[in-house]
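Accompanying notes for the structure given below.
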Amino acid sequence: MPVEQRPLAVVTGASAGIGEAISRRLSEEGFRVLLGARRLDRLEVIAAEIGGEARQLDVTSGESIRDFCAGIEEAAVLVNNAGGARGLEPVASAQLDEWRWMWEVNVLGLVAMTKALLPALERSGRGHVVNLSSTAAVEVYEGGAGYTAAKHGVNAITKTLRLELAGRPVRITEVCPGMVETDFSLNRFGGDRERAEAVYRGLDPLQPEDVADVVAFAVTRPFHVNLDQVVMRPLMQASSFKVVRES
Ligand code: NAP
21 MPVEQRPLAV
31 VTGASAGIGE
41 AISRRLSEEG
51 FRVLLGARRL
61 DRLEVIAAEI
71 GGEARQLDVT
81 SGESIRDFCA
91 GIEEAAVLVN
101 NAGGARGLEP
111 VASAQLDEWR
121 WMWEVNVLGL
131 VAMTKALLPA
141 LERSGRGHVV
151 NLSSTAAVEV
161 YEGGAGYTAA
171 KHGVNAITKT
181 LRLELAGRPV
191 RITEVCPGMV
201 ETDFSLNRFG
211 GDRERAEAVY
221 RGLDPLQPED
231 VADVVAFAVT
241 RPFHVNLDQV
251 VMRPLMQASS
261 FKVVRES
């Protein structure tokens with residue numbers, strides 16, 4: 021099918037990690053992919069490789085979202101993937117700037133993007149919102165409250181939206197991965213590579229392609245099938261605080 025006739029998939033946070041892998045995989049699945057993130061140079065390289073389109077996007081800016089979404093009449097898939105964590109402080113010493121960042125990107129950014137594209141998703145007659153949540157949406161761990169509270173928020177918003185859209189042609193899926201080897205920890209720990217690499221050492225973490233596989237499965241089911249929530253972890257990670265490592 022010519023690219024311009026393919027169903028449109030919009031992926032936020034597509035410049036790296038899980039969002040990049042999802043963009044590549046959805047292109048292989050026959051979608052025309054619109055990639056959004058702040059680092060346009062990286063997006064353009066990926067978009068050129070997969071025959072997609074790159075547009076700069078900051079999900080915390082209403083103006084940026086408006087520019088990004090301009091001209092989108094119909095969209096089949098929106099993957100709200102932009103997000104991440106900052107810090108690992110106990111609540112007693114919470115860094116509110118870090119909390120604010122996590123809430124703005126993971127929660128308010130997701131709401132703003134969903135709000136902006138819901139009419140286009142509905143117009144397609146086969147819309148699908150996929151929210152990149154986390155095991156942090158279904159369990160908590162010490163030092164993680166800023167992130168777990170934000171992802172619990174994503175969980176609540178996803179379930180609420182499913183209720184509100186019942187009977188309309190938009191599916192809602194929440195994908196909740198455990199540890200995935202990306203720049204997530206590097207960004208969480210302010211560029212401390214040693215500390216970030218230690219997170220994934222000796223446990224065979226999930227790869228971004230593993231998550232993309234689940235997203236591809238969800239969006240290619242017959243349209244009457246809605247996958248509500250998928251929780252996935254590395255085999256060696258039984259929970260956020262029970263990880264078995266090979267030395
Ligand atoms: P990553 O490698 O750090 O990628 C984060 C992506 O989000 C980047 O493409 C980044 O692009 C984008 N982003 C950040 N702020 C943005 C903003 N304001 N506007 C638009 N894009 C923004 O991390 P990742 O592991 O792939 O994370 C992707 C998603 O999966 C996140 O929601 C994360 O919470 C979730 N997740 C990750 C893990 C894990 O272990 N890695 C586990 C569970 C869930 P720019 O910097 O170019 O804007």
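Under this note's numbering, the first residue of the sequence shown carries the number 21, and numbering increases by one thereafter.
Even glycine gets a Cβ: it sits at the ideal position worked out from N, Cα and C.
Hey, how far is the Cα of G173 from the Cα of K179? As a working note, residue 173 is residue 153 in the sequence shown. As a working note, residue 179 is residue 159 in the sequence shown. About 10 Å.
Just tell me which of T32, S259, G147 has its CA closest to the CA of A157. Position 137 of the sequence shown, counted from the first residue, corresponds to residue 157. Ranked by how close their Cα comes to the Cα of A157, the residues T32, S259, G147 have S259 in first place.
Looking at ligand 1, does it come within less than 7 Å of S260, judged from the CB to the closest heavy atom? As a first step, residue 260 is located in the sequence shown; it is residue number 240 there, counting from the start. Not so, every heavy atom of ligand 1 lies at least 7 Å from the Cβ.
Per DSSP, what kind of secondary structure is Q115 in: helix, strand or coil? By 1-based counting over the sequence shown, the position of residue 115 is 95. The three-state reading of DSSP puts Q115 in coil, since its state is none of H, G, I, E or B.
List the endpoints of the continuous beta strand (DSSP E) containing V31. Start at 1 with the first residue of the sequence shown, and residue 31 comes out as number 11. In the DSSP assignment, V31 falls within the unbroken beta strand (DSSP E) covering 28-32.
If we require 3 or more residues per run, which beta strand (DSSP E) segments fall completely within the stretch 72-141? For the stretch 72-141, whole beta strand (DSSP E) runs of length 3 or above, ordered along the chain, are 73-76, 97-100.
Using a Cβ distance threshold of 8 Å, determine whether the stretch 119-131 contacts the stretch 162-176, with at least three qualifying pairs required. A contact exists between the stretch 119-131 and the stretch 162-176.
How about L77: is its Cβ closer than 7 Å to a heavy atom in ligand 1? Within the sequence shown, the letter at position 57 stands for residue 77. Yes, ligand 1 has a heavy atom inside 7 Å of this Cβ.
Report the rounded CA-to-CA distance for P254 versus E142, giving the unit in angstroms. Locating residue 254 in the sequence shown gives position 234, counting from the first residue. Locating residue 142 in the sequence shown gives position 122, counting from the first residue. Whole-angstrom Cα-Cα distance: 35 Å.
Where M199 falls, given that 16 or more other Cβ within 10 Å makes a residue buried: Position 179 of the sequence shown, counted from the start, is the residue given in the question as residue 199. A residue is called buried once 16 or more other Cβ atoms fall within 10 Å of its Cβ, and M199 is buried on that count.
With the cut-off set at 8 Å, would you say V97 and L152 are in Cβ contact? Locating residue 97 in the sequence shown gives position 77, counting from the first residue. Locating residue 152 in the sequence shown gives position 132, counting from the first residue. 8 Å or more divides the Cβ of V97 from the Cβ of L152.
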